[in-house]
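Using my numbering, the letters of the sequence shown correspond one by one to residues 586 to 644. Here a beta-carbon is modelled for each residue, glycine too, at the ideal position from N, C-alpha and C. What follows is a set of notes on a single structure, which appears directly below.
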Amino acid sequence: MKNFMANVVVLFWSVVFGEVLGMIGSKLELMTYQPLQIAIVAGILGLLFVNIVPLLTKN
Numbered sequence: 586m587k588n589f590m591a592n593v594v595v596l597f598w599s600v601v602f603g604e605v606l607g608m609i610g611s612k613l614e615l616m617t618y619q620p621l622q623i624a625i626v627a628g629i630l631g632l633l634f635v636n637i638v639p640l641l642t643k644n
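Encoded structure:
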């Protein structure tokens, strides 16, 4: 249960930070802001990073 809750927290914060960075980046690059696409990509990358990095650095 602890691992699940940690992943939920990581998912929440990665989406929040992804949205902030996506909004700033879209304004700087003069691109359209697509919040759903940014949220999905940020959430997936956040979960992958948190779950794969410890496996790679375990040894």
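How is residue i classed by DSSP in three states: helix, strand or coil?
i           : result
residue 584 : Past the boundaries of the shown model lies residue 584; the chain is included only from 586 to 644, so the question cannot be answered.
residue 612 : helix
residue 644 : coil
residue 586 : coil
Mind checking if residue i is an interface residue toward chain B, Cβ cutoff 9 Å exclusive?
i           : result
residue 603 : Absent from the structure is chain B; it holds one protein chain and no more.
Taking just the CA atoms, how far does residue j sit from residue i?
i           : j           : result
residue 604 : residue 586 : 27 Å
residue 622 : residue 614 : 16 Å
residue 588 : residue 602 : 21 Å
residue 642 : residue 632 : 16 Å
With a CB to CB cut of under 6 Å and the five nearest residues on each side skipped, what residues in its chain are close to residue i?
i           : result
residue 628 : 596, 599, 600
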